[in-house]
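> Using numbering that gives the first Met the number 0, count along the sequence shown one by one with no gaps and you end on 329. Beta carbons: idealized from backbone N, C-alpha and C, even for Gly.
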Amino acid sequence: MREFDYRRAPDVTGAVALLAADPDARFLGGGTNLVDLMKAGVERPALLVDVRELPLDRIEPADDGGLRIGATVTNSDLAAHPEVRRRYPALTQAVLAGASGQLRNMATVGGNLLQRTRCGYFTDVAGPCNKRVPGSGCPAVGGEHHNHAVLGASDHCVAVHPSDMGVALTAFDAVVSYETVDGPGELPLADFYLPVGDTPHRETALPPGALITGVTLPPAPVAAHSRYRKVRERASYAFAIGSVAAALDVRDGVVREARLALGAVASRPWRARAAEAVLTGAPASGDTFAAAADAELAAARPLPDNGYKVTLMRNLVVAVLTELAEEAAR
0 MREFDYRRAP DVTGAVALLA ADPDARFLGG GTNLVDLMKA GVERPALLVD VRELPLDRIE
60 PADDGGLRIG ATVTNSDLAA HPEVRRRYPA LTQAVLAGAS GQLRNMATVG GNLLQRTRCG
120 YFTDVAGPCN KRVPGSGCPA VGGEHHNHAV LGASDHCVAV HPSDMGVALT AFDAVVSYET
180 VDGPGELPLA DFYLPVGDTP HRETALPPGA LITGVTLPPA PVAAHSRYRK VRERASYAFA
240 IGSVAAALDV RDGVVREARL ALGAVASRPW RARAAEAVLT GAPASGDTFA AAADAELAAA
300 RPLPDNGYKV TLMRNLVVAV LTELAEEAAR
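Printed below as a string of structure tokens:
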């Protein structure tokens with residue numbers, strides 16, 4: 000591991016100033032991803048700016064009736080918060096599906112959104128990877144890719160984003176707030192992650208040196224009737240091979256509103272807009288749910304060893320939507 004300096008940020012303004020002064024600096028939250036990448040040699044910061052003591056650790060009502068979640072709120076505190084559990088249950092379920100209890104106690108909301116892919120080629124500094132070394136190639140395309148992307152990928156990168164939390168936040172139209180030396184800004188989560196294209200090393204639309212300060216969930220009554228379901232290769236402490244965050248408002252047997260996002264299928268949490276369009280105004284039936292899944296997955300372009308994900312995600316979407324519809328009918 001490269002030697003590095005450590006500074007504890009005195010305030011938000013001081014934190015962004017420290018990063019602006021050193022292009023090789025990184026913000027340190029819980030460190031559950033960054034420190035691992037430093038040990039592997041993927042990240043080699045000259046300075047770590049510790050932001051854990053900044054006053055960004057609260058969950059508070061937003062002016063519009065939604066919730067504002069501070070960037071240094073831990074995953075454990077987020078999952079346990081009574082308003083999150085009541086108003087956005089799929090978010091609580093997504094957080095609890097990720098990592099272990101010990102890691103959730105350390106990991107932060109801001110860090111979770113910025114975590115890097117777990118693709119083995121990305122973490123192997125002895126080999127090529129376009130995300131790590133732009134222009135060096137993507138060995139996963141012709142190599143080990145059984146858990147890689149089937150939507151939105153390119154010849155330059157087929158890795159998937161690992162966040163569970165991000166999938167639920169995407170379904171609920173979350174907005175990311177940040178601070179730079181030029182002042183504050185906001186990005187809808189739908190625009191936060193960049194398409195892969197031919198620049199997979201550019202993962203987010205955050206300005207250089209920006210510090211995430213919080214995430215705002217807008218009011219969404221439909222979110223109270225939501226669920227997150229994750230499929231993984233072992234029962235505990237494993238990243239998803241497919242996941243779904245879904246919410247349904249069903250009245251008189253008809254879907255009035257639907258929210259749907261997919262995880263572990265693309266380089267970013269995937270908002271299923273095509274499926275939502277099929278669901279809205281249609282009967283809350285198995286045929287509708289299957290048609291919605293098929294509409295979204297029509298764009299899938301699987302590789303030789305991950306085609307199973309298309310079938311898995313179709314079944315997962317139908318199962319979760321069916322459960323939500325049955326609950327609404329009780």
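Enumerate, from N- to C-terminal direction, the unbroken beta strand (DSSP E) stretches of 3 or more residues contained entirely within the region 153-234.
174-179, 182-187, 210-216, 225-231
> Tell me whether the region 89-96 and the region 117-137 touch, counting them as touching only if at least three CB pairs, one residue from each stretch, are closer than 8 Å.
no
> Would you check if the region 104-115 and the region 21-36 touch, i.e. whether three or more CB-CB distances between them fall below 8 Å?
yes
> Going by DSSP in three states, V124 sits in which element: helix, strand or coil?
Residue numbering aside, residue 124 sits at position 125 when the sequence shown is read from its first letter. Looking at V124 - three-state DSSP - the assignment turns out to be coil, as it is neither helix nor strand.
> Using C-beta distances below 7 Å, list every residue in its chain close to T212, excluding the 5 sequence neighbours before and after it, in chain order.
Counting from one through the sequence shown, the residue named residue 212 turns up at place 213. Excluding positions up to five away in sequence, the list reads V11, L55, A70, S176, Y177, E178.
> Counting only C-beta atoms, is A158 closer than 7 Å to chain C at any point?
Looking at the structure shown, chain C is missing, and only one protein chain is on hand.
> Mind checking V319: buried by the 16 CB within 10 Å criterion, or exposed?
Residue numbering aside, residue 319 sits at position 320 when the sequence shown is read from its first letter. Classification of V319: buried, given that the 10 Å Cβ count is 16 or more.
> Could you spell out the range, first to last residue, of the beta strand (DSSP E) harbouring F26?
Counting from one through the sequence shown, the residue named residue 26 turns up at place 27. F26 -> beta strand (DSSP E) spans 24-27.
> To which residues does DSSP link L247 through a beta bridge?
Within the sequence shown, residue 247 is the residue found at index 248, counting from 1. Answer is A257, bridged to L247.
> Cα separation between V253 and D49?
For the purposes of this step, residue 253 is identified with residue 254 of the sequence shown, where counting begins at 1. For the purposes of this step, residue 49 is identified with residue 50 of the sequence shown, where counting begins at 1. When rounded, the distance between both Cα atoms is 50 Å.
> Got a sec? Which residues, its chain only, sit under 7 Å from L150 by beta carbon, not counting five neighbours each side?
Position 151 of the sequence shown, counting from 1, holds the residue named residue 150. Around L150: V264, A265, W269, A298, A299.
> Please list, in chain order, all residues of the same chain as R51 whose beta carbon is under 8 Å from its beta carbon, the five residues on each side excluded.
As a first step, residue 51 must be located in the sequence shown, where it is residue number 52. These residues qualify, in order along the chain: L27, G28, G29, T71, T107.
> Starting from E59, follow its DSSP beta bridges and name the residues at the other end.
Position 60 of the sequence shown holds residue 59. Answer is R67.
> So, is R250 buried or exposed, given that buried needs 16 or more other C-beta atoms within 10 angstroms?
If you number the sequence shown from 1, residue 250 lands on position 251. Classification for R250: exposed.
> By Cβ distance below 7 Å, which residues in the same chain neighbour A276 in space, the five residues on each side in sequence not counted?
Residue mapping note: residue 276 aligns to position 277 of the sequence shown, counting from 1. Same-chain partners within the cutoff: there are none.
> Which of the three DSSP states, helix, strand or coil, is assigned to A239?
Counting from 1 along the sequence shown, the entry for residue 239 is found at position 240. Under the three-state reduction of DSSP, A239 is assigned to strand.
> Between the region 279-293 and the region 137-147, do at least 3 Cβ pairs fall closer than 8 Å?
no
> On a CA-only basis, which of V15, D76, C118 is nearest V41? Give me that one, please.
Walking along the sequence shown from the start, residue 41 turns up at place 42. Among V15, D76, C118, the Cα nearest to that of V41 is on C118.
> Can you tell me whether P220 is buried or exposed, with buried defined as 16 or more other CB within 10 angstroms of its CB?
Locating residue 220 in the sequence shown gives position 221, where the first residue counts as 1. Exposed, by the Cβ-count rule.
> Using a 10 Å radius around the Cβ and a threshold of 16 neighbouring Cβ atoms, would you call D248 buried or exposed?
As a first step, residue 248 must be located in the sequence shown, where it is residue number 249. D248 is classed as buried because its beta carbon has at least 16 other beta carbons within 10 Å across all chains shown.
> Keeping to the same chain, check which residues put their C-beta closer than 6 Å to that of A170; ignore five residues upstream and five downstream.
Indexing the sequence shown from 1 puts residue 170 at position 171. Hits under 6 Å: A244, R258, A260.
> Is the number of C-beta pairs between the region 183-198 and the region 222-238 that are closer than 8 Å three or more?
no
> Given a cut-off of 7 Å on the beta-carbon distance, is the pair G97 and D163 in contact?
Residue mapping note: residue 97 aligns to position 98 of the sequence shown, counting from 1. Residue mapping note: residue 163 aligns to position 164 of the sequence shown, counting from 1. Less than 7 Å separates the beta-carbon of G97 from that of D163.
> Please classify D76 as buried or exposed, where buried requires at least 16 other C-beta atoms within 10 Å of its C-beta.
As a first step, residue 76 is located in the sequence shown; it is residue number 77 there, counting from the start. By the 10 Å Cβ count, D76 comes out buried.
> Give the secondary structure of V277 by DSSP, where H, G and I count as helix, E and B as strand, and everything else as coil.
Position 278 of the sequence shown holds residue 277. V277 falls in the helix class under three-state DSSP.
> Note down the Cα distance separating D23 from P44, rounded to an integer number of angstroms.
Mapped onto the sequence shown, residue 23 falls at position 24. Mapped onto the sequence shown, residue 44 falls at position 45. Cα to Cα, D23 sits roughly 5 Å from P44.
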